[in-house]
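Notes for the one structure printed next.
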Amino acid sequence: MTETATIANALGSELSLEELWMPFTANRAFKRAPRLLASASGMYYTSVDGRRVLDGTAGLWCVNAGHCRDPIVRAVQEAAATLDFAPGFQMGHPYSFALAERVTAMLPGDLDHVFFANSGSEAVDSALKIALAYYQSRGETQRVRFVGRLRGYHGVGFGGISVGGIEPNRRAYMAQLLPQIDHLPHTHDIARNAFTRGEPVHGAELADDLERIVRERAADTIAAVIVEPMAGSTGVLIPPKGYLKRLRELCDKHGILLIFDEVITGFGRLGTPFAADYFDVVPDLMTVAKGLTNAAVPMGAVFVRHGIYDTVVNAAPAGIELFHGYTYSGHPLAAAAGLATLELYETEGLFERAASLAPYWENALHSLRGLPHIIDIRNLGLVGGIELEPRPGAPGARGFEVFVDCFNRGVLARVTGDIIALSPPLIIEKSQIDELIGTIGTAIKAVA
Ligand code: PLP
């Protein structure tokens, strides 16, 4: 079907919607009833028809410092005018080294080296490769298996969807996923944990499923376990108390690397620099993206512990140590955006701000309890999940209608199936939390 819908763009000329194949979007429905954003500032977007839209999702979990912040804009402009690009293979430039020094200084434990990519998906694939390279370097060449988790989201590369556990993202590609992957069970348990504030009490024992996988596969065939410390894209699944510590212990026991995918939780989302800090569990590798540059320029990264870098790089014979990298790894504009972003987080104390707002956020979210069809509300840091009962025979329909209704009322929310996921910029004011939650409540009642 050819879409002929056109709308006036921000400059007033006609804009065709047909040619663009939109990602993770119902293209045909969107083009019949488009939702277009023209500009952004601070906590708000402005739609192409001039409406102000409160950003309840920091874009896509990424604009943690709020939109179009001056220091970041200036840093990107300056870098663009100074060094538009420099090759990163056998060459370097100051921006990426400066960002590497600055960002590794924020990391817990002995995570102290960084490999740059351009997205969360690339960071995940890079981390999986680094894990394999690490065991190759150690002579444990049989350690090739990965363990992911059901409902996990690790982006859309073949590595990421193989260890990921979101069925629709895998279905069409099933025949060509990476081999030798196992999955832990997910931790979502509404029957026991519904309406928990913060970390749920029940479920730490689900980590013990790693012992089953170890029994079936043999520990010394497993290279790494990868999990999101708090699963975001699948609909805000908060880890049960003690679960991540248990997973860390089991990985240590069996010599398996633990990878935290902190693409969402990194850079203040939980009120600490990383979820690793929040849960006091240090992984061996950590993947990040999104908040690293406040999303102003795409960038992803893998943080690795000292010993991993040392083993792969310093123990290798002369020459290139890791045959992996991207043309845009450590791109000057992205690195400049990253430097300005980290500076802004620090000068405005945004991570601490998120921590201090978290109790207000929690109360506001849980005030929705009792509205029609809400079967769970969950929260951690500045993240909220509101799970709605699916309509019989039409899973996702109710959630999507709430999302559209919110947008029409001037609030950007995000839905995954029937779960509303909220993650506002960390600069949100209490009055804006009230506006956000109030509008969502009104939308839930209106859609019913
Ligand atoms: N990993 C996690 C935990 C994510 O939430 C995401 C995206 O939301 C990704 C990886 C993929 O990131 P990107 O979309 O930048 O490739």
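Each residue of the sequence shown is one higher than the one before, counting from 135 in our numbering.
Yeah, the Cβ is synthetic: ideal placement off N, Cα and C, and Gly gets one too.
The ligand PLP heavy atoms versus the CB of residue i: any closer than 6 Å?
{"i": "Ile398", "result": "yes"}
{"i": "Asp259", "result": "no"}
{"i": "Ser463", "result": "no"}
{"i": "Ser255", "result": "yes"}
{"i": "Tyr287", "result": "yes"}
{"i": "Glu299", "result": "Correcting the residue identity first, residue 299 is Gly in this sequence and not Glu. Answer for Gly299: no, Cβ out of range of the ligand PLP."}
{"i": "Gly551", "result": "no"}
{"i": "Ser367", "result": "yes"}
{"i": "Asp395", "result": "yes"}
{"i": "Ala423", "result": "yes"}
{"i": "Glu362", "result": "yes"}
How many whole angstroms separate the CB atoms of residue i and residue j, which I take to be in contact at a CB cut-off of 8 Å?
{"i": "Leu384", "j": "Leu344", "result": "5 Å"}
{"i": "Ala470", "j": "Glu212", "result": "7 Å"}
{"i": "Ile398", "j": "Asp418", "result": "The pair is not a contact, with the Cβ atoms about 19 Å apart (cut-off 8 Å)."}
{"i": "His201", "j": "Ala174", "result": "4 Å"}
{"i": "Tyr462", "j": "Asn252", "result": "5 Å"}
{"i": "Ala128", "j": "Met433", "result": "Outside the shown range of the chain, which is 135 to 582, sits residue 128, and nothing can be said about it."}
{"i": "Met364", "j": "Pro374", "result": "Going by Cβ atoms, the distance from Met364 to Pro374 rounds to 11 Å, so no, they are not a contact pair."}
{"i": "Phe280", "j": "Ala357", "result": "6 Å"}
{"i": "Arg169", "j": "Phe541", "result": "6 Å"}
{"i": "Ile300", "j": "Thr216", "result": "Contact doesn't hold; Cβ gap of about 41 Å is too wide."}
{"i": "Gly530", "j": "Gly551", "result": "5 Å"}
{"i": "Gly190", "j": "Pro558", "result": "5 Å"}
Using DSSP with H/G/I as helix, E/B as strand and the rest coil, what is residue i?
{"i": "Ala139", "result": "For Ala139, the pLDDT reaches just 42, beneath the cut-off of 50, and the residue's location in the model is therefore unreliable, although a value from the coordinates is still provided. Ala139 falls in the coil class under three-state DSSP."}
{"i": "Tyr178", "result": "strand"}
{"i": "Ala232", "result": "helix"}
{"i": "Ala214", "result": "helix"}
{"i": "Ile300", "result": "coil"}
{"i": "Glu521", "result": "strand"}
{"i": "Ala471", "result": "helix"}
{"i": "Val290", "result": "coil"}
{"i": "Asp323", "result": "coil"}
{"i": "Phe329", "result": "coil"}
{"i": "Val431", "result": "coil"}
{"i": "Glu569", "result": "helix"}
{"i": "Asn161", "result": "helix"}
{"i": "Ile561", "result": "coil"}
{"i": "Ile478", "result": "The sequence given here places Leu at residue 478; Ile does not occur at that position. Residue state, collapsed to three classes: helix."}
{"i": "Ile511", "result": "strand"}
{"i": "Leu371", "result": "strand"}
{"i": "His458", "result": "coil"}
{"i": "His201", "result": "strand"}
{"i": "Ala365", "result": "strand"}
{"i": "Lys579", "result": "helix"}
{"i": "Gly311", "result": "In the sequence as presented, Gly is not what sits at residue 311; that position holds Leu. Residue state, collapsed to three classes: coil."}
{"i": "Glu396", "result": "coil"}
Closer than 7 Å, CB to CB, is residue i near chain B or not?
{"i": "Ala365", "result": "No chain B appears in this structure, which consists of one protein chain only."}
Quick one: what's residue i bridged to in DSSP?
{"i": "Thr550", "result": "Ile553"}
{"i": "Val438", "result": "His247, Leu419"}
{"i": "Ser173", "result": "Thr180"}
{"i": "Leu266", "result": "Bridge partners of Leu266: none, in fact."}
{"i": "Asp316", "result": "Val281"}
{"i": "His336", "result": "In the DSSP output, where bridge partners are listed per residue, His336 has none listed."}
{"i": "Ala358", "result": "Phe280, Leu391"}
{"i": "Cys186", "result": "The sequence as given places Arg at residue 186; Cys does not occur at that position. Arg186 is bridged to Thr180."}
{"i": "Val545", "result": "Leu188"}
{"i": "Ala528", "result": "Arg525"}
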